[in-house]
Every structure is written in structure tokens, then in C-alpha cells.
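Chains X and P are the protein sequences, given in the same order. First residue of the first sequence: 1, per the UniProt record's numbering; consecutive thereafter. First residue of the second sequence: 1, per the UniProt record's numbering; consecutive thereafter. The beta-carbon is built from N, C-alpha and C at its ideal position, and this holds for glycine as well. Since the structure is predicted, the reported quantities are computational estimates derived from the model, not experimental observations. To start, the structure itself, in C-alpha cells.
Protein chains: 2
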Amino acid sequence: MPNRSHAVDRRSDRKIGIKDVSREAGVALSTVSHVLNGTAPISQEVRARVLEAARRLGYLAKRQQKGAIASLTTLYLAVPPGNRPHNDINLVSWTMLTQLSREAERRGVRVVAHNGSAELQAAEILAGARAVGAEGIVLVFDDNPKLLKGLTGADLPVVLLNGEDPAMGLDTVAPANRYGARLATEWLLSHGHRRILHLTWRGRSTIMRRLDGFRDAYAERGLPQDQGEVLYARGYEPDQAREALRDFITERGGLDGFTAVFCAADNLAIGALTELRAQGYAIPSDIAVVGFDGVAPGELTVPSLTTVRVPLDSLAASTVQMLENRLSFMNRDYPACRIELGCQFVERESGGSFVSIA
Amino acid sequence: MPNRSHAVDRRSDRKIGIKDVSREAGVALSTVSHVLNGTAPISQEVRARVLEAARRLGYLAKRQQKGAIASLTTLYLAVPPGNRPHNDINLVSWTMLTQLSREAERRGVRVVAHNGSAELQAAEILAGARAVGAEGIVLVFDDNPKLLKGLTGADLPVVLLNGEDPAMGLDTVAPANRYGARLATEWLLSHGHRRILHLTWRGRSTIMRRLDGFRDAYAERGLPQDQGEVLYARGYEPDQAREALRDFITERGGLDGFTAVFCAADNLAIGALTELRAQGYAIPSDIAVVGFDGVAPGELTVPSLTTVRVPLDSLAASTVQMLENRLSFMNRDYPACRIELGCQFVERESGGSFVSIA
DNA sequence: CTGAAAGCGCTTACAG
DNA sequence: CTGAAAGCGCTTACAG
Numbered sequence: 001m002p003n004r005s006h007a008v009d010r011r012s013d014r015k016i017g018i019k020d021v022s023r024e025a026g027v028a029l030s031t032v033s034h035v036l037n038g039t040a041p042i043s044q045e046v047r048a049r050v051l052e053a054a055r056r057l058g059y060l061a062k063r064q065q066k067g068a069i070a071s072l073t074t075l076y077l078a079v080p081p082g083n084r085p086h087n088d089i090n091l092v093s094w095t096m097l098t099q100l101s102r103e104a105e106r107r108g109v110r111v112v113a114h115n116g117s118a119e120l121q122a123a124e125i126l127a128g129a130r131a132v133g134a135e136g137i138v139l140v141f142d143d144n145p146k147l148l149k150g151l152t153g154a155d156l157p158v159v160l161l162n163g164e165d166p167a168m169g170l171d172t173v174a175p176a177n178r179y180g181a182r183l184a185t186e187w188l189l190s191h192g193h194r195r196i197l198h199l200t201w202r203g204r205s206t207i208m209r210r211l212d213g214f215r216d217a218y219a220e221r222g223l224p225q226d227q228g229e230v231l232y233a234r235g236y237e238p239d240q241a242r243e244a245l246r247d248f249i250t251e252r253g254g255l256d257g258f259t260a261v262f263c264a265a266d267n268l269a270i271g272a273l274t275e276l277r278a279q280g281y282a283i284p285s286d287i288a289v290v291g292f293d294g295v296a297p298g299e300l301t302v303p304s305l306t307t308v309r310v311p312l313d314s315l316a317a318s319t320v321q322m323l324e325n326r327l328s329f330m331n332r333d334y335p336a337c338r339i340e341l342g343c344q345f346v347e348r349e350s351g352g353s354f355v356s357i358a
Numbered sequence: 001m002p003n004r005s006h007a008v009d010r011r012s013d014r015k016i017g018i019k020d021v022s023r024e025a026g027v028a029l030s031t032v033s034h035v036l037n038g039t040a041p042i043s044q045e046v047r048a049r050v051l052e053a054a055r056r057l058g059y060l061a062k063r064q065q066k067g068a069i070a071s072l073t074t075l076y077l078a079v080p081p082g083n084r085p086h087n088d089i090n091l092v093s094w095t096m097l098t099q100l101s102r103e104a105e106r107r108g109v110r111v112v113a114h115n116g117s118a119e120l121q122a123a124e125i126l127a128g129a130r131a132v133g134a135e136g137i138v139l140v141f142d143d144n145p146k147l148l149k150g151l152t153g154a155d156l157p158v159v160l161l162n163g164e165d166p167a168m169g170l171d172t173v174a175p176a177n178r179y180g181a182r183l184a185t186e187w188l189l190s191h192g193h194r195r196i197l198h199l200t201w202r203g204r205s206t207i208m209r210r211l212d213g214f215r216d217a218y219a220e221r222g223l224p225q226d227q228g229e230v231l232y233a234r235g236y237e238p239d240q241a242r243e244a245l246r247d248f249i250t251e252r253g254g255l256d257g258f259t260a261v262f263c264a265a266d267n268l269a270i271g272a273l274t275e276l277r278a279q280g281y282a283i284p285s286d287i288a289v290v291g292f293d294g295v296a297p298g299e300l301t302v303p304s305l306t307t308v309r310v311p312l313d314s315l316a317a318s319t320v321q322m323l324e325n326r327l328s329f330m331n332r333d334y335p336a337c338r339i340e341l342g343c344q345f346v347e348r349e350s351g352g353s354f355v356s357i358a
């Protein structure tokens, strides 16, 4: 094996030390040290100034990384074949994987991708991870119970990214799907919509959490659940959204009183926009369209897509952090950890923006 | 202010260094350094041996702490008056607060308790925290929306422990209540019970998640929801559980076919045990009783209490860790983080243990 | 991967 | 809280 210079990866910023911090904060070197270690009583103002400078210069982050970095050098990444970049036109997968490698690179962690059977197998993944000397495994986009069970209790820590484990055998990191969907639906309700169509598909349990959130919003306002309806597409690709909507409109002879479509993914929303416009509906005046994911293409559609942004970068960061925590300070009996990160509503054109009436 | 020797708190274990690790692992000093920093290619076996030794000696943990410790010296703790130790016979509150101070102490963090109005007020809490120079706030057992909203976006990071924030404005750390309740209910179902009474109270939203989990278990097996029933006590104290059960039995003229009581808290379960025994029922043969919390008294009841253990120590650790993460490496726009930790089913006597029949 | 050695960055004790 | 100084622990380069 060639003598890869690991060290280079790890200090992209050339040696920021407490000397730099002391200069930046305008205090003595020793004062910085005392603040950082709590070894002497320092006034609140100076403390704050020092910490602020240390954070700004990236010194705190560097120090934190140095503490954790030891344990994770190689991360084994298992992605279902259907979600690998060359097989998947879904930008969510692509962006999430990109963020994950970027985060790994930032920490000097090598990423090795799993390549196995058409369907992911726990034993294969574990063997692959051991073969390359990985200290931890990240499983993405997959949460079939058999696979999760097979990975539970393995001698390597495993984090499931963007999936859920009902048995709580594995640590998981996911966007707050239910919350985000409630947020979007509530936004539509607060803008006067009552008949909202939720366009989704059954493929992933995390996507089903968005359906839960859709219902939560109605429940929270005490509105009858049947004002909202659910329309299932056969997949998550734009064309499948078009197909589902086309059938819906044909069957009902029009929009049937619906004034908004809330799509469980931007991909579906893009299909919805296309189909609705093709059928001559104006967006958002005839019907509002809201997506979920917040990936790039939504900015470029006409009209631009109102959506819920999933914090893909933070999800990647939390995932790697979780692995490092497991490796460096959590003991074996620390319970499984389920992490959800907040999503943000992004108001653009397709959702409309008439004055709030509720 | 006296010259408190902060440093002492922080190295309870007297200076474990890489020299100790190298001895423990049986390798050269330089090898340990290379492993910890990835500065040279080291074989998988040696790496593993070194890391194992470093973890065992607590060196990894020490290093990790050193990275984060800087930013948090004083933690401001806000507890609703009703849950403060002298007003509360509930061991959950007591244990959780104890674990939190223990964790803080372990990290050399000073804890200052808030003392304000009968009802917690956001502005008061923030003022109090600033007055003592705290870098972060932990709010426990309270999740009234107005309070949470008032603390959202504050210039100090706030973590809500054992509560939920539907608006996801704050970071939260809580046990996986829904999961734990499903686990317990499923255990009862798998042991042949069908008519299960869920004894709970309406006081806290986190407790209501346990009701969700109770229902999940029925739903998962495709059993009719009305086989399980919910009985509300007027509070969470043993006597209030007794009262609720007494009324129930009087009203129905007996147990009405129920073969198990699943209580949303050990406190309620203890009351249930007392009342059921007082009325002449044998536990678990006439009726099984299962609690939730896993605090000490459940081991001492007769029969001992089958329950779901909440990882109070890990919850405290995650809470402090969360604050430190916010302070040292998460930037302002890192989204709010919701953390749930897994619970564990603890099989003792009161739940029975006949052979699994399903 | 070892082991001795040089060097660096941070910590610490102290006078001001 | 400063600043100069001693010292410690870890890192690093190198010969074996």
C-alpha cells in the first residue's frame, strides 16, 4: 500500500494555534489557555471574546476534531444499488452522498463504497467492511427489517442515514419528515387551502412519515381528515407523478375542488408541475404545488418550487459525528440513538403567497 | 470569589497519557501517536489493539472531552417548581436531575439552578442564565409552547430534556417513549394478553407518546384497537393510580376481562400493584402489571415490577454533549436536533413470564 | 513497527 | 489579566 499522507487531509487550514486566538482576541496567550481549560477564573467578557475568536478561527472545531478523529479512519458506505448515482436520477440521493463524502473528507476519513448483491445483505456488508479495515458503517436509504436486524449488535458501529429502525437496534439520523410535512401542510391551511391533495408513494417508510405529518396538520386544526386526500404514484419519478395526476384528473373530471397539491418529494412535484401545466392549469392561481426536499432543480422550474428543505449537509455531519461518538466515548450499553434534524419551509412561487387568512 | 481549582474536577483519573496506552497495548509510543492521528499506515490488528487500550484506559474519552470542554463552564438548569426535588416524590425527576449534575460534574461544568416564578418564564430564565454567566440552558420536564417559543432563537443554546417541541425550535433529548411503550405492549401481546388496560394521565405530552406506542403495538399485529383500553388517572402519583383503578373496578364490577395493566409510569404501576392486591387479585396470575421508567422502587415491590427502563444516565450525557456541540462546532444555522434514546424492557415478576404463545 | 531524539504547542506557576 | 519562562505531553522524522 502506498504511503498515503493522511495528515494532509486533516489540516487544510495551516495550523491555527492558541497564539492566533490570543492575537485575534487581544489577550495573553496564557489567558486563552485558561479560558479553554477553565484553569483560572476569567471574567465573563474576556471568556466570551476568547471563545468567539476561537470559534471564528476554527480553533474550537479543530480541537474537537482532534479529540474524535483517532477512531474513525475508514467508513464503509452501503447504498442500495437502485440509489447509487449512476442508477438514480433522484438528486436527493446524489446530494446526500456528496455531502457525506465531503464531510468525511473534511475529517480525513476515507470512504469505501460497498459493492455486493442486487439486494443489500447484512453479512456481505459486514464482511466487506472488515475486509477494508473500516471502523464504522453507514447504511443509507434502506430500512428493510431483515437487513437492520442483521446489522444490529455487530462488532462495528452502524448508522442508518435517512431511514428508520422501528426496532431501535441501530443509531439513525434522518430529517424530521413528519414535522416538515406538517409545516408545509399547515402553511397551506393557513393560506386558506382546505382541499389539499397529498401526492406520495409507498416505497419508503421515511416517506410515509410525511403522510403522517400531512394528517397531523389537519388534526391540529380540528379539521376533518377527509378534506385532505392521498394520491399514490407508482414510484418517485416525475413521470410517475404525471401519470398519477393524469389518472386522477381524468377520473374526477378535473381538480375536484382541490386547490393545492402537496408532494412528498421534489421529484414528484416537478412531475406535478409539468402535468398540471400541460393540462392548462395555472400555478399557483388554479392550484398551488408544494414539494419536499429542497434540492436544486426546484429553483429552476417555472414557476419556482415552494418546498421543504431537508438539511442534507447537517445530516451528513451528524452521521459521521454519531459514528465517532460511538467509537470514542459511548460504551457498548449506550442505547440506540435516533436523531431527527429540523426542516425548513422555503417559500417560492408555486405555493402562491396570498395573504394569510387564518 | 474563591479560587476554585477547576482543573481538579477534570482529571479524576490522574493523567492517563499515550505512554500508558502504549504500555497497555504493547506497542511503541510513536505507534500510538500514529494510530491516533492517522499519520502513518498501521496494520489493522495493531490499530485495533491500540484503540481498544485507549478506550479501556479512558484516554479516548479524555481526549474527546478536552476538545469540547472549553466552551461550557456554567450550565443553567430550569426545572418547573413542581418537579424540584423537595416538591416531588417522583423518583424519575429526582434521578434525572441527579444524573445531570453527575454528568456536569464529570465534565467540570458548574450547574446553577433557576429559581423564579411559580411558572417558568422564558425572559426570567434567560436573564437568570446571563446573570450567572452561563453558556447554555437545560430545560427539563416542561414543554408548554409559550415557554419553548420564548426560548427559541435565544443567544444562548437551549436543550430541552425529557420534553418535546412540536415546533422544533429547540434541541431536544428524550427517551423513545413511543418505542418503549410499543415494546412493552408487544411483550404482553406476545405472551397471550389481548385485553390490556393502559393506565396513564394527561399531564405531559411525552407521556402521551407512550399511549401512541400502546396503540402501535395493537396496530402492528392487526388487532382491533378496542381490545386495549385507556384509563386516565388524575395525576401520576400512586394514590391517583389507586383511585382510578378502584373506580374502574367498581364501575365494571371486576376486571372486566382485562388480564394486564400497562402503566405509563412506575409511579402509577406501584399504585396499581397496591390497589389490585388490596382488592384480592394475585399478580401476575390474575392480572399482570407492567410499568415504565425503571427507577429503583420497582425492584423492591412485591412482586417486583416488570417495566421499561429509560436510560436516564445516557439522556443526561447526551444533553450536555448536545450543548457542547452547539457551542463548539455547530454554526447558527445548524437545524434543531431531536434526539431519542432507546429504552429497554426489563422482565421481572409483575408482568408474568408464561411461555410465549404468539 | 520500534526506539531514541528533536521539536512543537500547550499548560502552568509566578511576579507584576 | 499580562508576560516571560519552565516543563510536559504529544508529534514527527529517521535509522533499524
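List the residues of chain P whose Cβ lies closer than 7 Å to the Cβ of residue i, in chain order.
| i | result |
| --- | --- |
| X:A168 | First, the amino acid is wrong: residue 168 of chain X is Met here, not Ala. In chain order: A176, Y179, G342. |
| X:Y334 | S314 |
So with Cβ pairs under 8 Å, would you call residue i a contact of chain P?
| i | result |
| --- | --- |
| X:S71 | yes |
| X:I18 | no |
| X:Y218 | no |
| X:R194 | no |
| X:P311 | yes |
| X:L51 | yes |
| X:R338 | yes |
| X:Q44 | yes |
From the options, pick the residue whose C-alpha is nearest to that of residue i; which is it?
| i | options | result |
| --- | --- | --- |
| X:L305 | X:K62, X:L312, X:F345 | X:F345 |
| P:A48 | P:A61, P:Q64, P:T31 | P:T31 |
| P:G82 | P:L75, P:V92, P:T74 | P:V92 |
| X:G58 | P:A122, P:N331, P:I287 | P:N331 |
| P:A217 | P:T152, P:H193, P:G253, P:Q65 | P:H193 |
| P:V112 | P:A129, P:E103, P:E124 | P:A129 |
| P:G228 | P:L199, P:L51, P:G203, P:T250 | P:L199 |
| P:R195 | P:N90, P:N325, P:L255, P:E243 | P:L255 |
| P:I16 | P:G203, P:R63, P:L161, P:L231 | P:R63 |
| P:D247 | P:E275, P:A167, P:G257 | P:E275 |
Is the Cβ of residue i closer than 8 Å to any Cβ of chain X?
| i | result |
| --- | --- |
| P:S205 | no |
| P:G38 | yes |
| P:G133 | yes |
| P:G108 | yes |
If you count every other CB in all the chains shown that lies within 10 Å of the CB of residue i, and 16 or more means buried, which is it?
| i | result |
| --- | --- |
| X:S43 | exposed |
| X:P41 | exposed |
| P:Q65 | buried |
| residue 360 of chain X | Outside the modelled stretch of chain X, which goes from 1 to 358, sits residue 360 of chain X, for which no answer is possible. |
| P:T250 | exposed |
| X:S285 | exposed |
| X:S353 | exposed |
| P:G213 | buried |
Identify the contact partners of residue i in chain X, using a Cβ-Cβ distance below 9 Å as the criterion.
| i | result |
| --- | --- |
| P:F329 | R55, L60, A61, Q64, Q65, A317, Q321 |
Beta-carbon within less than 8 Å of residue i's beta-carbon, same chain only, minus the 5 sequence neighbours each way: which residues are those?
| i | result |
| --- | --- |
| X:I270 | P238, A241, G291, P297, G298, T301, L305 |
| X:R55 | A61 |
| X:L151 | A122, I125, L126, I137, L139, V158, G169, L170 |
Leaving out five residues before and five after residue i in sequence, what residues of the same chain have Cβ atoms less than 7 Å from its Cβ?
| i | result |
| --- | --- |
| X:G133 | T74 |
| X:A53 | V21, E24, A25 |
| residue 360 of chain P | What the structure shows of chain P is the stretch from 1 to 358, and residue 360 of chain P is not part of that stretch, so it cannot be assessed. |
| P:L327 | S71, L72, E135, G136, P157 |
| P:P80 | L120, F141, D142 |
| P:A272 | L199, A241, L245, V261, C263, V289 |
Tell me which same chain residues have a C-beta within less than 6 Å of the C-beta of residue i, skipping the five on either side of it?
| i | result |
| --- | --- |
| X:E103 | A316, A317, V320 |
| X:D293 | V92, A265, D266, V310 |
| P:A358 | With a pLDDT of only 49 at P:A358, under the threshold of 50, the placement of this residue in the model should not be trusted, and no figure is reported. |
| P:W94 | P85 |
| X:Y281 | I287 |
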